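For what it's worth, the numbering used here labels the leading residue of the sequence shown as 3, then goes sequentially. Just so it is clear, CB atoms sit at the ideal spot from N, CA and C, and this is done for glycine as well. This structure is a prediction, so every number in the text was calculated from the model and none was measured. These notes concern the structure reproduced below.
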Amino acid sequence: MLDLRRLTIAHNPGISPEIGSALEQAGAVCLESQGHLPGEGLGVTGSTQQVYRVTWTRATPQAFRGWNDPVEAVEDGAAGIAVMLFNVLLEQLVILRSRRGTGFDYFLGDRKTADMTEAEEAVTTSLAPLLLDEQLTVRGRLEVSGIMSGTDTQISGRVNQKLLQTNASDHLGIPAYVIVVEFGRPIAEVRKK
Numbered sequence: 003m004l005d006l007r008r009l010t011i012a013h014n015p016g017i018s019p020e021i022g023s024a025l026e027q028a029g030a031v032c033l034e035s036q037g038h039l040p041g042e043g044l045g046v047t048g049s050t051q052q053v054y055r056v057t058w059t060r061a062t063p064q065a066f067r068g069w070n071d072p073v074e075a076v077e078d079g080a081a082g083i084a085v086m087l088f089n090v091l092l093e094q095l096v097i098l099r100s101r102r103g104t105g106f107d108y109f110l111g112d113r114k115t116a117d118m119t120e121a122e123e124a125v126t127t128s129l130a131p132l133l134l135d136e137q138l139t140v141r142g143r144l145e146v147s148g149i150m151s152g153t154d155t156q157i158s159g160r161v162n163q164k165l166l167q168t169n170a171s172d173h174l175g176i177p178a179y180v181i182v183v184e185f186g187r188p189i190a191e192v193r194k195k
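Quick look at the structure:
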C-alpha cells in the first residue's frame, strides 16, 4: 500500500511535514480529477511489475481551487507518489532536495552508514553540511515527472528524456532512478540507470 498521508509525517528527512502535505494534496487532486478514489490500484512498470493500492485524504473544493494549475499539480502529485513508491519499493528515503541544474529532483538514501560504496561515501561526505550529522547515507538520485493522461508512447518518451537529463550528474557515480507517473490509468514507469 502506498499511503500518501505518510508524506505529512517526518518519515523522509528531506521532506518536511508541510511539504509532504502539499505533495499529498496535489496527488489527491490529480487522481480524483481523473475519477479515482482512495484505494485505487497503481500499476508499476519498467524495472518492476507490481500493483500497489494508493490511499490519500480526499481533496476538498478548496484544494481543487488551490491546485488549479495542472502543471504544478501534476509535478507535485507525481513527486508525492514517487517518494512513497521508493520508500516501499527500495526502502529508500528522500534525504535531500536537489538543486536546479543537477538533472534530478531528490537524493535518495537511508540511515545505514555501513556498506557504503566509494561513490556513496564521497557524495555523503560532500553533502555533510546539508545532512546535519543525522547519520544519513546517500544511495541514489531520483528524477520525477508526471503526465495527467497519456499514452504508453508518451510515457516511454518522457522516461527516456528524463534518463538523458540525469546525465548532468552521472559524475557522482551513484544510481539514477527515473519515475514517470501517469494519473489517468494510473500507472508509474520506473527505470534505473
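Within 8 Å, strictly: CB atoms of Leu134 and Gly16
Taking the first residue of the sequence shown as position 1, residue 134 is located at position 132. Taking the first residue of the sequence shown as position 1, residue 16 is located at position 14. Contact flag unset, no.
Would you list the one or two residues that DSSP bridges to Asp5?
Position 3 of the sequence shown holds residue 5. Answer is Thr57.
Just to confirm before moving on: does the CB-CB distance between Gly111 and Gln94 stay below 8 Å?
Mapped onto the sequence shown, residue 111 falls at position 109. Mapped onto the sequence shown, residue 94 falls at position 92. In this structure, Gln94 lies closer than 8 Å to Gly111 by Cβ.
Look at Ser49 and Val192 and say whether their C-beta atoms are less than 8 Å apart.
Within the sequence shown, the letter at position 47 stands for residue 49. Within the sequence shown, the letter at position 190 stands for residue 192. In contact: Ser49 and Val192 (Cβ atoms closer than 8 Å).
May I ask you to list the residues that DSSP assigns as paired with Asp112?
Within the sequence shown, numbered from 1, the residue matching residue 112 stands at position 110. The partner list for Asp112 (beta bridge, DSSP) reads Thr139.
Through-space distance from Ala116 to Pro40, alpha-carbon basis:
Numbered from 1 along the sequence shown, position 38 holds the residue referred to as residue 40. Numbered from 1 along the sequence shown, position 114 holds the residue referred to as residue 116. Roughly 38 Å separates the two Cα atoms.
Here's the rule I'm using: 16 or more other beta-carbon atoms within 10 Å means buried, otherwise exposed. How should His173 be labelled?
Position 171 of the sequence shown holds residue 173. His173 should be labelled exposed.
Do Gly43 and Arg60 come within 8 Å of each other at the CB atom, strictly closer than that value?
The residue given as residue 60 occupies position 58 in the sequence shown. The residue given as residue 43 occupies position 41 in the sequence shown. Not a contact, by the Cβ cut-off of 8 Å.
In the stretch 140-184, which residue ranges form an unbroken beta strand (DSSP E) of at least 3 residues, counting only runs that do not cross its ends?
Within the stretch 140-184, the complete beta strand (DSSP E) runs of at least 3 residues are 178-184.
Run through the stretch 63-91 for me and flag every whole alpha helix (DSSP H) of 4 or more residues, listed as ranges in chain order.
63-68 and 72-91
Is the beta carbon of Gly82 closer than 8 Å to that of Leu1?
What the structure shows of the chain is the stretch from 3 to 195, and residue 1 is not part of that stretch, so it cannot be assessed.
Please identify the residue among Thr127, Phe106 and Gln156 whose C-alpha is closest to the C-alpha of Thr189.
Along the sequence shown, read from residue 1 onward, the residue named residue 189 stands at position 187. With the sequence shown as reference, residue 189 is identified as Ile, and Thr is not the correct amino acid for it. Among Thr127, Phe106 and Gln156, the Cα nearest to that of Ile189 is on Gln156.
My assumption, with CB atoms under 8 Å, is that Asp107 sits in contact with Leu144. Please give the rounded CB distance.
Here residue 107 refers to the residue found at position 105 when the sequence shown is read from its first residue. Here residue 144 refers to the residue found at position 142 when the sequence shown is read from its first residue. Going by Cβ atoms, the distance from Asp107 to Leu144 rounds to 6 Å, so yes, they are a contact pair.
If you run the structure through DSSP and keep just helix, strand and coil, what is Glu123?
Position 121 of the sequence shown holds residue 123. Three-state DSSP puts Glu123 in a helix.
Measure the beta-carbon distance from Ala201 to Asp78 and round it to whole angstroms, keeping in mind my assumption that it falls under 8 Å.
Outside the displayed span of the chain (3 to 195) sits residue 201, for which this structure offers no information.
Best match in Thr153, Ser147, Gln51 and Leu91 for proximity to Ile181 [C-alpha to C-alpha]:
Indexing the sequence shown from 1 puts residue 181 at position 179. Ile181 has its Cα closest to that of Ser147, out of Thr153, Ser147, Gln51 and Leu91.
Less than 8 Å separating the beta-carbons of Leu4 and Leu87?
The sequence position of residue 4 within the sequence shown is 2, counting from 1. The sequence position of residue 87 within the sequence shown is 85, counting from 1. In this structure, Leu87 lies closer than 8 Å to Leu4 by Cβ.
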